[in-house]
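Numbering (the working numbering), first residue to last: 167 to 385.
Just so it is clear, CB atoms sit at the ideal spot from N, CA and C, and this is done for glycine as well.
Worksheet: the structure to be examined is printed underneath.
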């Protein structure tokens, strides 16, 4: 973003932001989504850019107001500037993708070569009857637009392996393992190690789950 566009964004945001009191009476400045949409349209920029500049000015996008008890305004900006890769967009991965998108992570790279079938309808958040037979990664990309259009979702309808993994995962701050088999998990872990990127591993079966974070340099 050049300085001219940045300056125009700042002026437009400051003109539309308004003061409110939160649920416990604290004074805040917020920007409503309808105004953020209009600013993005008028200036020809992405909604994500509007929210990044909004947060940098100390103004809360109203959609993130309830995040304040979990993350600071500076942390919310850091989320908006972050890239997270989620490998697997099924039962576990779909929920992770949706929650990261709602929380405000700026860029999500979704990797899954599979398509939905009818047995996914009972537990996979992006699986609807209309999406049966269609790619899970594409469903995540399309449906997240309706949830949070300020998130850029990059869909990769491939199996992640040693030949494509480094390129797909490059630049991400965190990688999420939501895969369903050991072989691909180990391949992903080796890629994360080579890229020196933290890997969050998750797995679930029935009423049991497990979670582990592998940091660069961990055995």
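Range of the contiguous beta strand (DSSP E) that encloses residue i
{"i": "residue 174", "result": "Looking at the DSSP string, residue 174 is not in any beta strand (DSSP E); the run it does join, the alpha helix (DSSP H), is 169-182."}
{"i": "residue 203", "result": "Per DSSP, residue 203 belongs to no beta strand (DSSP E); it is in the alpha helix (DSSP H), 199-209."}
{"i": "residue 372", "result": "Segment: none, residue 372 is in no beta strand (DSSP E) and carries neither H nor E."}
{"i": "residue 320", "result": "318-322"}
{"i": "residue 343", "result": "340-343"}
For residue i: DSSP bridge partner residues
{"i": "residue 298", "result": "282"}
{"i": "residue 217", "result": "DSSP, once it has assigned bridges, lists no residue as partnering residue 217."}
{"i": "residue 378", "result": "367"}
{"i": "residue 249", "result": "273"}
{"i": "residue 195", "result": "185"}
Through-space distance from residue j to residue i, alpha-carbon basis
{"i": "residue 347", "j": "residue 282", "result": "17 Å"}
{"i": "residue 306", "j": "residue 280", "result": "12 Å"}
{"i": "residue 294", "j": "residue 309", "result": "11 Å"}
{"i": "residue 237", "j": "residue 286", "result": "33 Å"}
{"i": "residue 247", "j": "residue 272", "result": "6 Å"}
{"i": "residue 368", "j": "residue 311", "result": "25 Å"}
{"i": "residue 241", "j": "residue 263", "result": "19 Å"}
{"i": "residue 219", "j": "residue 234", "result": "18 Å"}
{"i": "residue 217", "j": "residue 265", "result": "18 Å"}
CB contact flag (residue i, residue j, <9 Å)
{"i": "residue 259", "j": "residue 302", "result": "yes"}
{"i": "residue 274", "j": "residue 250", "result": "yes"}
{"i": "residue 377", "j": "residue 350", "result": "no"}
{"i": "residue 223", "j": "residue 169", "result": "no"}
{"i": "residue 140", "j": "residue 324", "result": "This structure gives no information on residue 140, because the portion of the chain shown stretches from 167 to 385."}
Among the options, the one whose alpha carbon lies nearest that of residue i
{"i": "residue 200", "options": "316, 336 and 334", "result": "316"}
{"i": "residue 192", "options": "178, 179, 211 and 231", "result": "231"}
{"i": "residue 221", "options": "296, 176 and 294", "result": "176"}
{"i": "residue 182", "options": "189, 343, 173 and 204", "result": "204"}
{"i": "residue 372", "options": "293, 337, 334 and 289", "result": "289"}
{"i": "residue 252", "options": "170, 207 and 343", "result": "343"}
{"i": "residue 338", "options": "363, 345 and 356", "result": "363"}
{"i": "residue 320", "options": "313, 304 and 314", "result": "304"}
{"i": "residue 359", "options": "374, 380, 345 and 370", "result": "380"}
{"i": "residue 194", "options": "206, 239, 245 and 207", "result": "239"}
{"i": "residue 210", "options": "187, 384, 189 and 174", "result": "174"}
{"i": "residue 284", "options": "278, 243, 277 and 296", "result": "296"}
Start and end residues, alpha helix (DSSP H) containing residue i
{"i": "residue 333", "result": "331-335"}
{"i": "residue 358", "result": "348-361"}
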